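**Q** Residue numbers (my numbering), protein chains in the order written: chain S, 1 to 242; chain H, 1001 to 1367.
Note that CB positions come from ideal geometry on N, CA and C, so glycine has one too.
Treat the numbers as computed from the prediction; the structure is a model and nothing was measured.
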């Protein structure tokens, strides 16, 4: 988005810079070194995205309803206790969670997904709760006074007005998620971590980069994607971006 | 239209509303008035069951509301709150159509109605329909809040200090607009306020609450003229007589069909007319009856000639549809003891005097 505001000249300079960097890397043989792993990159990126998609979807499907539940009148007294439990997910170090998951679920994708869900749940739940609590009480009173049912109040008033904050939580969660997936390799979950960790072990920078650069690009891409969703999905009247 | 019978609400050991009986007729604006914590808001919210009554009955149009589904009940009652409560995620149009949409009205019909309602409160539909609440000023938002309550054409409106958060100048304007709207729509309105001036201005009935009890329930004029106890007297204020001025129209206080002279009359004729009526001055009218000036009795008796040659400007003119508050204010600012009353076209209709106003207000005290 910032690039569009750059003036033509600056833009040209940046392009020249990128070209020069590319030429330099080409000359040092790094790029051919990385491209050597192209088929691995494609295969592992797909696996990587697969893990992100499954764990992200599960975390969203659990996190948002949980966040909604925590703000309902009947559950509110227990909300703090439940939030503390969810909080454990981000307090316990990532590797410890993965290790714990592995001891229960064994080696492979399921334990990796479990670990990722636990990790990414917190920002989703917290933002859902915060977003819903930020909806002014008088809006809910007006809605109830006009004859909305509890469900209508939730879907027509509370969620649309909390959506921006909830989406911000999703964005954070997915950024953490994409960045953590490489660790899944350690418990046999696959993903671009395979190239990164193997690269480290073999002291093979081009292999390491073949994992690290796509991971970074994926993180940026997904952030951009969720950012666009946030921009377009959140109603204009409550969207500070529009 | 709305009847409350021994309506009571207790929160734990606190009795918020205590055996309230009330009957609000069709088309009345009933203002619930009292200090904070007196039970007026609780009473209002029990009508649409936002607060469930502890005991007692509420009848709407003869129907006991306890037997009606609360969601349906609320959809049939307009509701306006002090914070306005427009939904920021919806456009003005969709905000107005909330209840019609809940009722499943045809979309075209409800959107057309939204445009009509906007026009009724002087907001240009083409400009405002697609705007979001945050793009509106406070006064515009409150207008939308009011017409949103009217969208599904409910017979009853509940309003919880709807104009409380608006600056005084805009508040007057919106109150006037609302009264005009109400004169046309004739809804039955229950209106919570803590502002006696607002109540006197808007209400056809005022209900004064204290500690959950309904202390006095009467027309604004009766409450100002005959407060039932010292609490009500204190609440309506030491200047309650002045407040009553607002309730009386000039037309009701003036002496109508007064004597008059024209420019061609002689001063002798003028003097004779004044003596006949015991007046010390007389109004000169134009050929078609518009008030033009006045002649004093000293001049009529001592000078010679035609009225037109000695005419003096009037001390002041007031329209007959103004209230007495404006009349008295004009008397004080012009240092006059009387004013000529004219209609919209300037035709001379009568006069009001300070003494006449004093007598009128005094008479009602003894009534």
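(1) How about residue 130 of chain S: is its C-beta nearer than 9 Å to some C-beta of chain H?
(2) Apply the 10 Å Cβ neighbour rule to residue 48 of chain S and answer buried if 16 or more other Cβ atoms are within range, or exposed otherwise.
(3) To the nearest angstrom, how far is it from the Cα of residue 1347 of chain H to the Cα of residue 1280 of chain H?
(4) Give, in chain order, every residue of the region 1087-1109 of chain H whose Cβ lies closer than 8 Å to some Cβ of chain S.
(5) By the three-class DSSP mapping on this structure, what secondary structure does residue 1351 of chain H have?
(6) Please list, in chain order, all residues of the same chain as residue 1118 of chain H whose beta carbon is under 8 Å from its beta carbon, the five residues on each side excluded.
(7) Does chain H have any CB closer than 9 Å to the CB of residue 161 of chain S?
(8) Of all Cβ atoms in chain S, is any one closer than 9 Å to the Cβ of residue 1133 of chain H?
(9) Tell me which same chain residues have a C-beta within less than 7 Å of the C-beta of residue 1199 of chain H, skipping the five on either side of it?
(10) Looking at residue 45 of chain S and residue 186 of chain S, is the spacing between their C-beta atoms short of 9 Å?
(11) State yes or no: is the C-beta of residue 1151 of chain H within less than 9 Å of the C-beta of residue 1100 of chain H?
(12) Can you list, in chain order, the stretches of the alpha helix (DSSP H) that have 4 or more residues and sit fully within the region 1125-1186 of chain H?
(13) Using the Cα positions of residue 1062 of chain H and residue 1081 of chain H, report the straight-line distance between them to the nearest angstrom.
(14) Please report the residue range of the beta strand (DSSP E) in which residue 139 of chain S lies.
(15) Residues of chain S with a CB under 8 Å from the CB of residue 1210 of chain H: which are they?
(16) Mind checking if residue 144 of chain S is an interface residue toward chain H, Cβ cutoff 9 Å exclusive?
(17) Quick one: does residue 1079 of chain H have its CB under 9 Å from some CB of chain S?
(18) Return the bridge partner residues of residue 122 of chain S from the DSSP annotation.
(19) Determine, using beta carbons only, whether residue 149 of chain S comes closer than 9 Å to chain H.
(20) Please report the Cβ distance between residue 1210 of chain H and residue 1231 of chain H, rounded to the nearest whole angstrom; I am assuming they are in contact, meaning their Cβ atoms lie under 8 Å.
(21) Determine whether the Cβ of residue 157 of chain S lies closer than 9 Å to any Cβ atom of chain H.
(22) Any beta-carbon of chain S closer than 9 Å to the one on residue 1114 of chain H?
(23) Applying the 10 Å Cβ sphere with the 16-neighbour rule, what's the burial state of residue 1009 of chain H?
(24) DSSP state of residue 1007 of chain H, grouped into three classes?
(25) Taking C-beta pairs closer than 9 Å, name the residues in chain H that residue 139 of chain S reaches, listed in chain order.
(26) Name the residue from H:1324, H:1025 and H:1294 whose alpha carbon lies nearest to the alpha carbon of residue 1156 of chain H.
(27) Tell me whether the region 137-150 of chain S and the region 76-90 of chain S touch, counting them as touching only if at least three CB pairs, one residue from each stretch, are closer than 8 Å.
(28) Chain H partners of residue 238 of chain S, CB-CB under 7 Å?
(29) Determine the direct distance from the alpha carbon of residue 1335 of chain H to that of residue 1303 of chain H, and round the result to whole angstroms.
(30) Output the boundary residues of the beta strand (DSSP E) element that contains residue 1084 of chain H.
(31) So which of H:1354, H:1046 and H:1283 has the shortest CA-CA distance to residue 1159 of chain H?
(32) Quick check on the DSSP output: the beta strand (DSSP E) that includes residue 1060 of chain H runs from which residue to which?
(33) Using a Cβ-Cβ cutoff of 7 Å, what residues of the region 102-120 of chain S are near chain H? List them in chain order.
(34) Quick one: does residue 230 of chain S have its CB under 9 Å from some CB of chain H?
(35) Which bits of chain H does residue 235 of chain S rub up against, with CB to CB less than 7 Å?
(36) At which residues does the beta strand (DSSP E) containing residue 1019 of chain H begin and terminate?
**A** With the structure as the only source:
(1) no
(2) buried
(3) 21 Å
(4) 1087, 1088, 1089, 1090, 1091, 1098, 1099 and 1102
(5) strand
(6) 1092, 1096, 1124, 1125, 1128, 1129, 1144 and 1147
(7) yes
(8) yes
(9) 1031, 1033, 1193, 1206 and 1220
(10) no
(11) yes
(12) 1125-1128, 1138-1150 and 1168-1185
(13) 26 Å
(14) That residue, residue 139 of chain S, is in no beta strand (DSSP E); its alpha helix (DSSP H) goes 137-145.
(15) Those do not exist, as residue 1210 of chain H stays about 25 Å from chain S at its closest Cβ, beyond 8 Å.
(16) yes
(17) yes
(18) According to DSSP, which records beta bridges pairwise, residue 122 of chain S is partnered with nothing at all.
(19) yes
(20) 6 Å
(21) yes
(22) no
(23) buried
(24) strand
(25) 1083, 1085, 1086, 1087 and 1088
(26) H:1025
(27) no
(28) 1088 and 1089
(29) 25 Å
(30) Per DSSP, residue 1084 of chain H belongs to no beta strand (DSSP E) and is neither H nor E.
(31) H:1046
(32) 1055-1060
(33) none
(34) no
(35) 1089
(36) 1014-1024
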